[in-house]
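Engineer: If you read the protein sequences in the order shown, they are chains A and B.
Taking our numbering, the leading residue of the first sequence gets -3, the next gets one more, and so forth.
Taking our numbering, the leading residue of the second sequence gets 15, the next gets one more, and so forth.
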Amino acid sequence: MISKTANSIPAISKVERAALFTLGIDSGSLTAKAVIMDGNRRIVSHSVKQLEFVSEKAVKIAMDNALAAAGLELSDMAYIVSTGYGRRRFSFANKAITEISCHAKGANYVFPDARTVIDIGGQDSKVISVDPLGNVQNFAMNDTCAAGTGQFLEVMARALGVGLEKIGELSLESLTKLKISSMCTVFAESEVISLVAQGHTKADILAAIHEAIARRITGLVGRVGLRQPVIMTGGVAKNIGVVRALEKELGVSITVPGEPQIVGALGAALFALDYALAASQNQNVGTKAPGTENC
Amino acid sequence: MSVQETKKANRLKSGKMVNKLVNEYWQDLIHAKENGKLVVYTTGLPIGPFMAAQDMAWIHGEGYGARVAARHEEKEPQIIAERRGYNRELCSYARTQLGCVMFAERGVPDDMIVGPIASEIPTPDAIVTCYPGCSSGPQWDWAIERLFGKKIPWFNVVIPYHYGRNGSSYMSGQEFEEEVAYVKRQFEDLIRFLEELSGRPYNWDKFCELMAVTKKVGKLRMEAMEMCKAKPSPASFFDWSIYIAPVNYLTAWPGTVECLEAVKAEVQERIDNNVSAVPNEKYRLFWEGIMNWNKLGWMADKFASFDACVVAGRYTHLAFWHEPDAIDPENPLEGIAINHLECQLNLGYPITEERMMKLCRDYSIDGVILHGARTCRSFARSHYLLAESLSRKMDISSTMFEGDMVDESFYQDEIVNTRIEALLESLDAKKNR
């Protein structure tokens, strides 16, 4: 395992920053993501790896892919920050920071005006209120169950026999309004099967599922307070049906970045860069990046 | 790494005196019937002195549930209660005690091994309910009454909710005064009920004597907790949770005054020597919610690992004889009514908000932990309202995680870690703004 310390980075000029690289890895419940960033805050490469189960191996694949795409080695990384539920598993990471802070920072990078971040990941949903610098002001997360998350959608897609990547577009073809009352993954699956048996179209059922998720997220938004503009991150942001349902429920338009899944890893890479630059400027091992003093 | 697992909470040493008292009390209770004492089950507010004055034994339902959970004996009674139809979402205190009562009344099933505390609860001779702000409490006692064929005498003290109507506020106003008078009348009826039950005149002198002790114990605890306004704090919410037993169901038990004097002295000594509850206190937090009894030490260490001291809480600081000066030992009924009416679970939202904001100011709180007890919705109902007010009016952030009082199956450690860490990260960011 490679272990790096921040004081190995000498104080550098802006020009030299292009040769400084940091890595952010996001070990989620369903996917592993890696982002490499240079010292001028440019994304050098990124990678997303679907997980069969959470493992260091899968994260390593995502990381190796990003490194290969950048033509770099792990030893080239000045600083590494891990995030996501598996964030503490990686001994090669210099720091672990929660996905809440990382999504806020990543969202601020891709959309600096964003004041509300909605992130629906594999096993949780969160709504984050962010300031102009990408700091978390307030946040709310779903309850302890997987209702309304990526995993919930996977189960529903499987129950309907539709590929996960197609459910968003298909739901937009809905003609008749239905209602899914249960958000428990197990009970909702039974409800979906029952609706199929009653002859309802897959499009109508999917639209109802997306509306149910949107209602749940709206509750979280209410707790944090809706501030515009709104950005959506996480894998579920790729589902146009959920995005539209949320826009309708919240009455606002939502921006979705080109690669919503990597926003957490991007935030981690940005934190890593803050650490690396702060350390190189101060020549101090213990220098803290803003917003991570407890780490 | 972000979690410094090696850091431990520096718990108060005098807490061992509480353990001794609690052990003595429960040991005595097991033998109460052999010693010719009537056993009265109580739930809700601390009313032990009413029974103690008449030389009766009393079992506080929640205290019993907490005791069983602290000894990690709660699983079996909860399972047996669920087998008998008491759903997992119902109050876990109730399920735990009901399960234990089922063991006492019907025996332990062959497929279960039950711990000594859970299996030895004496059966009730009477029930006295005194529940504020919760409808499950009276139903819990009703379920116990039914278990014994509805033959157990049962007295229900109704504690009206203090909404704060017509300008009434904390400890003042017409609504408050009328409610105090109403509760006081019920206590007079309770005394008649206990006279009838015991078959002898009520020992008013002893009752007044016990209430003088209760006042002293309540005062000592509040003074000791108040000393934690010091920075760093010499003790934490988790320490004060331990001291709930002496002020809740043990105020009428010998040794409680000495116990509270010892803790106050220890806290003072810590302040004098700059010893803190959390080795490197960096964040001062408020616990909004009920305590999780089977995770007390675990939680104390968890927060210490984050350099966070949970300094105060609604549960510890706004209940359990928190207004001791209101008690007149010569004529204590009104003071008891005041303390019970004004406890945190019985206050309307604006009053609760005002009390909580005062605590946050007094204890220099940085952030709030909302512990959503899954099976205590009467406590959890106002979490988000309070969090929103604190954020808006005092710029205090909060985070919420689910758990429970005595059912640890509702915990998910990783979720708890992530939410605590995220809150602390946001506090850091705020400081750097």
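We put the CB at the ideal spot given by N, CA and C, even for glycine.
Counting only Cβ pairs nearer than 7 Å, list the residues of chain A close to serine 405/B.
Structural biologist: Position 391 of the second sequence holds residue 405/B. Here the neighbours are Asn134.
Engineer: Quick one: does serine 250/B have its CB under 9 Å from some CB of chain A?
Structural biologist: Taking the first residue of the second sequence as position 1, residue 250/B is located at position 236. For serine 250/B, the answer is no, since every Cβ of chain A falls outside 9 Å of its Cβ.
Engineer: Whole alpha helix (DSSP H) runs in the region 320 to 363 of chain B with 4 or more residues, listed along the chain?
Structural biologist: 328 to 331 and 347 to 355
Engineer: Could you spell out where the alpha helix (DSSP H) holding valine 281/B opens and where it closes?
Structural biologist: Within the second sequence, residue 281/B is the residue found at index 267, counting from 1. Start and end: 270 to 286.
Engineer: Grab me the residues of lysine 27/B's own chain with a C-beta within less than 8 Å of its C-beta, minus the 5 sequence neighbours each way, in chain order.
Structural biologist: Looking up residue 27/B in the second sequence gives position 13. Answer for lysine 27/B: Glu280, listed in chain order.
Engineer: Assuming serine 247/B contacts valine 172/B (C-beta within less than 8 Å), just tell me the rounded distance between them.
Structural biologist: Residue mapping note: residue 247/B aligns to position 233 of the second sequence, counting from 1. Residue mapping note: residue 172/B aligns to position 158 of the second sequence, counting from 1. Going by Cβ atoms, the distance from serine 247/B to valine 172/B rounds to 38 Å, so no, they are not a contact pair.
Engineer: Using three-state DSSP, classify leucine 399/B as helix, strand or coil.
Structural biologist: Looking up residue 399/B in the second sequence gives position 385. Residue state, collapsed to three classes: helix.
Engineer: In chain order, what residues of the same chain have a beta carbon less than 6 Å from the beta carbon of asparagine 294/B, not counting five sequence neighbours either side?
Structural biologist: Working through the second sequence from its first residue, we reach residue 294/B at position 280. Result list for asparagine 294/B: Asp321, in chain order.
Engineer: Which of the three DSSP states is assigned to alanine 30/A in this structure?
Structural biologist: If you number the first sequence from 1, residue 30/A lands on position 34. Residue state, collapsed to three classes: strand.
Engineer: Look at the Cβ atom of glycine 327/B, then the Cβ atom of alanine 394/B, and state whether they are nearer than 9 Å.
Structural biologist: Start at 1 with the first residue of the second sequence, and residue 327/B comes out as number 313. Start at 1 with the first residue of the second sequence, and residue 394/B comes out as number 380. For glycine 327/B and alanine 394/B, no; Cβs fall outside 9 Å.
Engineer: Only counting the same chain, and skipping five residues up and downstream in sequence, which positions put a Cβ closer than 6 Å to that of alanine 296/A?
Structural biologist: Past the edges of chain A, shown from -3 to 291, lies residue 296/A, and the structure says nothing about it.
Engineer: Tell me which residues share the same chain as glutamine 164/A and place their Cβ nearer than 6 Å to its Cβ, disregarding the 5 neighbours each side in the sequence.
Structural biologist: For the purposes of this step, residue 164/A is taken as residue 168 along the first sequence, with counting starting at 1. The sequence as given places glycine at residue 164/A; glutamine does not occur at that position. Here the set comprises Asn235, Ile236 and Gly237.
Engineer: Measure from the C-beta of isoleucine 127/B to each C-beta in chain A and report whether the shortest distance is under 9 Å.
Structural biologist: The count along the second sequence starts at 1 and reaches residue 127/B at position 113. Not closer than 9 Å to any Cβ of chain A, the Cβ of isoleucine 127/B fails to qualify, so no.
Engineer: Any idea what DSSP makes of glycine 79/B, helix, strand or coil?
Structural biologist: By one-based count along the second sequence, residue 79/B stands at place 65. Helix at glycine 79/B.
Engineer: Quick one, which residues of the region 74 to 85 of chain A are near chain B if we go by CB-CB under 7 Å, in chain order?
Structural biologist: Only Tyr81 and Arg84 from the region 74 to 85 of chain A bring a Cβ to less than 7 Å from some Cβ of chain B.
Engineer: Pull up the distance between the alpha-carbon of leucine 264/B and that of isoleucine 258/B, whole angstroms please.
Structural biologist: Sequence index remark: in the second sequence, residue 264/B carries index 250 (1-based). Sequence index remark: in the second sequence, residue 258/B carries index 244 (1-based). C-alpha separation (whole angstroms): 9 Å.
Engineer: Please state whether DSSP places isoleucine 94/B in a helix, a strand or coil.
Structural biologist: In the second sequence, residue 94/B corresponds to position 80, counting from 1. Looking at isoleucine 94/B - three-state DSSP - the assignment turns out to be helix.
Engineer: Please report the residue range of the beta strand (DSSP E) in which phenylalanine 300/B lies.
Structural biologist: Here the question's residue 300/B lines up with position 286 in the second sequence. It spans 297 to 302 - the beta strand (DSSP E) in which phenylalanine 300/B sits, taken as one unbroken run.
Engineer: Thinking C-alpha only, which one of Lys229/B, Ser411/B and Ala351/B is nearest proline 174/B?
Structural biologist: For the purposes of this step, residue 174/B is taken as the residue at position 160 of the second sequence. In this structure, Ala351/B is the residue among Lys229/B, Ser411/B and Ala351/B with its C-alpha nearest to the C-alpha of proline 174/B.
Engineer: Under a CB-based cut-off of 9 Å, is lysine 245/B close to chain A?
Structural biologist: Residue numbering aside, residue 245/B sits at position 231 when the second sequence is read from its first letter. No, lysine 245/B lies away from the interface with chain A (no Cβ there is under 9 Å from its Cβ).
Engineer: Quick check on this structure: which residue in Arg109/B, Met419/B, Ile44/B and Glu134/B has the alpha carbon closest to the alpha carbon of alanine 118/B?
Structural biologist: Here residue 118/B refers to the residue found at position 104 when the second sequence is read from its first residue. Checking every option, the nearest Cα to that of alanine 118/B belongs to Glu134/B.
Engineer: Return helix, strand or coil for lysine 45/A, following the three-state DSSP convention.
Structural biologist: Counting from 1 along the first sequence, the entry for residue 45/A is found at position 49. It is a strand residue.
Engineer: Counting Cβ pairs closer than 8 Å, one from the region 151 to 161 of chain B and one from the region 52 to 72 of chain B, do we hit at least three?
Structural biologist: yes
Engineer: Between which residues of its own chain and glutamate 103/B is the CB-CB distance below 8 Å, once the five residues before and five after are set aside?
Structural biologist: Position 89 of the second sequence, counted from the first residue, corresponds to residue 103/B. Correct list, in chain order: Arg388 and Thr389.
Engineer: With a CB to CB cut of under 6 Å and the five nearest residues on each side skipped, what residues in its chain are close to tryptophan 301/B?
Structural biologist: Walking along the second sequence from the start, residue 301/B turns up at place 287. Here the set comprises Phe251, Val324, Gly327 and Ile383.
Engineer: Within a Cβ cutoff of 7 Å, which residues of the same chain sit near isoleucine 131/B, ignoring the five residues on either side of it in sequence?
Structural biologist: Your numbering for residue 131/B matches position 117 in the second sequence. Cβ within range, chain order: Trp40, Arg81, Val82, Arg85 and Glu87.
Engineer: Whole-angstrom Cβ separation of valine 220/A and asparagine 134/A, contact assumed at under 8 Å?
Structural biologist: The count along the first sequence starts at 1 and reaches residue 220/A at position 224. The count along the first sequence starts at 1 and reaches residue 134/A at position 138. Right, their Cβ atoms sit about 5 Å apart.
Engineer: Mind reading off the beta-carbon distance from valine 106/A to proline 225/A? Whole number of angstroms is fine, and I expect it under 8 Å.
Structural biologist: Locating residue 106/A in the first sequence gives position 110, counting from the first residue. Locating residue 225/A in the first sequence gives position 229, counting from the first residue. No, valine 106/A and proline 225/A are not in contact; Cβ-Cβ is about 12 Å, not under 8 Å.
Engineer: Report the option in Leu149/A, Val40/A and Gly20/A whose CA atom is closest to the CA atom of leucine 68/A.
Structural biologist: As a working mapping, residue 68/A is identified with position 72 in the first sequence. Ranking Leu149/A, Val40/A and Gly20/A by Cα distance to leucine 68/A puts Val40/A first.
Engineer: Pull up the CB-CB distance for tyrosine 216/B and leucine 208/B, whole angstroms please, since I reckon it's below 8 Å.
Structural biologist: Mapped onto the second sequence, residue 216/B falls at position 202. Mapped onto the second sequence, residue 208/B falls at position 194. Sure, about 6 Å apart at Cβ, within 8 Å.
Engineer: Which one of Arg154/A, Val132/A, Gln194/A and Glu185/A has the shortest CA to CA distance from arginine 447/B?
Structural biologist: As a position in the second sequence, residue 447/B is number 433, starting the count at 1. Comparing Cα positions, the closest option is Val132/A.
Engineer: Would you identify the three-state DSSP class for methionine 225/B, choosing helix, strand or coil?
Structural biologist: Walking along the second sequence from the start, residue 225/B turns up at place 211. Methionine 225/B: helix per DSSP, three-state reduction.
Engineer: Using a Cβ cut-off of 8 Å, which residues of the region 90 to 102 of chain A contact any Cβ in chain B, in chain order?
Structural biologist: Lys91, Ala92, Ile93, Thr94, Glu95, Ile96 and Ser97
Engineer: In chain B, which residues lie less than 7 Å from methionine 137/A when you measure between Cβ atoms?
Structural biologist: Position 141 of the first sequence, counted from the first residue, corresponds to residue 137/A. In chain order: Arg433.
Engineer: Any C-beta of chain A within less than 9 Å: which residues of the region 172 to 194 of chain B qualify?
Structural biologist: Under the 9 Å Cβ criterion, the region 172 to 194 of chain B contributes no residue.
Engineer: Would you list, in sequence order, the uninterrupted beta strand (DSSP E) runs of no fewer than 3 residues that lie entirely inside the region 150 to 199 of chain B?
Structural biologist: 168 to 173
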